[in-house]
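**Q**
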Amino acid sequence: MFFNSQKAEKIAPKIEAKLRKELGATAPLSHRMVGGEGGALFYMEFALPSPPPSRLLACVLKNGLLGAMVGELFYSAQLSKTIRSRAWLAREAQASGAAIGFAGDAEACEKLTADRRLVGRAAAFTRDREIISTTVIEIKSGFEIAPQPGAGSLLAVRTLMKGGWFSGSFDAREFLDIAAAIETTLPVVTIECKCPCHGDEYISHFVACCHRCPHCNRDIAYWTYENHLKHCAAERRGATM
Ligand SMILES: [Zn+2]
Ligand SMILES: [Zn+2]
Ligand SMILES: [Zn+2]
Numbered sequence: 019m020f021f022n023s024q025k026a027e028k029i030a031p032k033i034e035a036k037l038r039k040e041l042g043a044t045a046p047l048s049h050r051m052v053g054g055e056g057g058a059l060f061y062m063e064f065a066l067p068s069p070p071p072s073r074l075l076a077c078v079l080k081n082g083l084l085g086a087m088v089g090e091l092f093y094s095a096q097l098s099k100t101i102r103s104r105a106w107l108a109r110e111a112q113a114s115g116a117a118i119g120f121a122g123d124a125e126a127c128e129k130l131t132a133d134r135r136l137v138g139r140a141a142a143f144t145r146d147r148e149i150i151s152t153t154v155i156e157i158k159s160g161f162e163i164a165p166q167p168g169a170g171s172l173l174a175v176r177t178l179m180k181g182g183w184f185s186g187s188f189d190a191r192e193f194l195d196i197a198a199a200i201e202t203t204l205p206v207v208t209i210e211c212k213c214p215c216h217g218d219e220y221i222s223h224f225v226a227c228c229h230r231c232p233h234c235n236r237d238i239a240y241w242t243y244e245n246h247l248k249h250c251a252a253e254r255r256g257a258t259m
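Quick note on numbering: our numbering labels position 213 of the sequence shown as 231, and the sequence is numbered without any gaps.
#1: Kindly indicate which residue of 23, 39 and 132 has the alpha-carbon position closest to the one of residue 187.
#2: Specify whether the stretch 202 to 215 and the stretch 79 to 94 touch according to this definition: at least 3 beta carbon pairs, one from each stretch, less than 8 Å apart.
#3: Once DSSP output is grouped into helix, strand and coil, what is the label at residue 122?
#4: Is residue 118 near residue 76, with beta carbons less than 8 Å apart?
#5: Could you check the C-alpha separation between residue 203 and residue 221 for me, to the nearest Å?
#6: Rounded to the nearest angstrom, what separates residue 251 and residue 60 at their Cα positions?
#7: With a threshold of 7 Å, establish whether the CB of residue 223 neighbours any heavy atom of ligand 3.
#8: Does DSSP put residue 250 in a helix, in a strand, or in coil?
#9: I'd like the span of the alpha helix (DSSP H) that includes residue 27, first residue to last.
#10: Is it the case that the CB of residue 213 approaches a heavy atom of ligand 1 more closely than 7 Å?
#11: Would the beta-carbon of residue 246 be found less than 7 Å away from any heavy atom of ligand 2?
#12: For residue 181, I'd like the list of residues in its chain whose CB is within less than 7 Å of its CB, leaving aside the five on either flank, ordered along the chain.
#13: What residue from 129, 219, 200 and 156 has the CA that sits closest to residue 174's CA?
#14: Does the count of Cβ pairs from the stretch 96 to 109 and the stretch 122 to 133 closer than 8 Å reach three?
#15: Residues in its own chain within less than 8 Å of residue 24 by CB, not counting five upstream and five downstream?
#16: Can you tell me whether residue 109 is buried or exposed? The criterion is at least 16 other CB atoms within 10 Å of its CB, across all chains shown.
#17: Could you tell me the boundaries of the alpha helix (DSSP H) in which residue 146 lies?
#18: Going by beta carbon distance, what residues of the same chain come within less than 7 Å of residue 29, once the five residues before and after it are set aside?
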């Protein structure tokens, strides 16, 4: 997306309007402006419609002496399911033998990589090179899910707009769809509480560190409790049938 100006007051409304149209939102999208440095004129940070709670940080770069263009896009989504360790989209073959898949956390990667359609969509969404006319934009793209202790996990993607001279797309709807698909596909992780309060009666919390599961009678860390409860009940039902 290109502009014949470097003035934020001319560029920002066009970016907001385009993103709003892509998302089919009726009201202007809430956002804030963040100052840039070097080649970056400024950043715009948008709250995207949930679920899951998501954000887009778009970088606006100088283009020549008088123009500007949209550069790197940083998408993120707060997922409710947790993950034990980082998982990321890898361009190289993994143990599965597939050409492309997820690497890192074994439990999450097994599920994510098995969904070939999801892998393909994530790979297509993670763009690292854009050539428009004589302008080449190259970035170090990335697609990663990281644990957020106490709050599930965070999906973070660095990418570029989906090509086209003036018709480039933020592909924001696709990001929200991918985030929702990852939320569904991630395995349910059960983390048993290791809080020192269980052995020391003098430690107490305002907010409980865990809840006792009525099905398996274990102390489940509070941020995995709801997912665990659903999963544990279903598993027990399956076992007795
Ligand atoms: Zn505790
Ligand atoms: Zn506890
Ligand atoms: Zn349980």
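Glycine residues also receive a C-beta, built at the ideal position from the N, C-alpha and C atoms.
**A** Once the coordinates are examined:
#1: 39
#2: no
#3: strand
#4: no
#5: 37 Å
#6: 49 Å
#7: no
#8: helix
#9: 26 to 41
#10: yes
#11: no
#12: 148 and 150
#13: 200
#14: yes
#15: 59, 80, 84, 85 and 86
#16: exposed
#17: Per DSSP, residue 146 belongs to no alpha helix (DSSP H) and is neither H nor E.
#18: 21, 23, 78 and 86
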